[in-house]
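Residue numbers (UniProt numbering): 1 to 138.
Reading through the structure tokens given below for one structure.
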């Protein structure tokens with residue numbers, strides 16, 4: 001059975017969606033192909049990459065990409081991680097079987113110490129729940 005394709009979207013594709021992409025590959029890479037993109041891509045935030053690496057999650061190949069890079073492609077699931085991306089992706093020229101919205105605070109806007117680790121843990125918790133309801137190959 002082929003792997004399901006999942007696209008994570010946020011504004012800049014510099015923290016939240018990159019973390020989600022790396023986490024899904026780490027947690028269930030045998031079942032899913034994970035991708036990420038942003039509506040206004042920016043360079044990956046070093047604090048996001050560091051938070052992943054501190055948990056032993058591979059960051060190889062993570063790079064910010066534009067949502068337009070995936071125009072015309074099909075994804076089994078598109079998971080939108082911020083309000084701005086949700087508004088902008090309504091006109092996206094791709095297709096999906098499932099579109100979810102998880103409103104996760106941008107760690108750059110969180111003044112607390114460990115904001116990136118906190119964001120990573122929130123994404124991991126939501127992915128665990130989501131993975132529990134995904135059908136397994138028989």
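Yeah, the Cβ is synthetic: ideal placement off N, Cα and C, and Gly gets one too.
{"Asked": "Contact defined as beta carbons within less than 8 Å: I believe residue 8 pairs with residue 79. What is the distance between those atoms, to the nearest angstrom?", "Found": "5 Å"}
{"Asked": "What whole-angstrom Cβ distance do residue 5 and residue 75 have, given they're in contact under 8 Å?", "Found": "5 Å"}
{"Asked": "Residue 43: buried (16+ other C-beta within 10 angstroms of its C-beta) or exposed?", "Found": "exposed"}
{"Asked": "Just grab the DSSP bridge partners of residue 38 for me.", "Found": "10 and 66"}
{"Asked": "State the Cα-Cα distance for the pair residue 25 and residue 34, rounded to the nearest angstrom.", "Found": "6 Å"}
{"Asked": "Could you pull out every residue in the same chain whose Cβ sits closer than 6 Å to the Cβ of residue 77, ignoring the five residues on either side in sequence?", "Found": "6 and 98"}
{"Asked": "Determine the burial state of residue 119: buried for a count of at least 16 other Cβ atoms within 10 Å of its Cβ, exposed for fewer.", "Found": "buried"}
{"Asked": "Using only the alpha-carbon positions, how far apart do residue 108 and residue 28 sit?", "Found": "27 Å"}
{"Asked": "Compute the beta-carbon to beta-carbon distance between residue 81 and residue 16, rounded to the nearest angstrom, for a pair I have assumed lies under 8 Å.", "Found": "5 Å"}
{"Asked": "What is the DSSP secondary structure of residue 3, reduced to helix, strand or coil?", "Found": "coil"}
{"Asked": "Grouping DSSP H, G and I as helix and E and B as strand, with all else coil, what is residue 57?", "Found": "coil"}
{"Asked": "Using C-beta distances below 7 Å, list every residue in its chain close to residue 10, excluding the 5 sequence neighbours before and after it, in chain order.", "Found": "16, 17, 38, 81, 82 and 85"}
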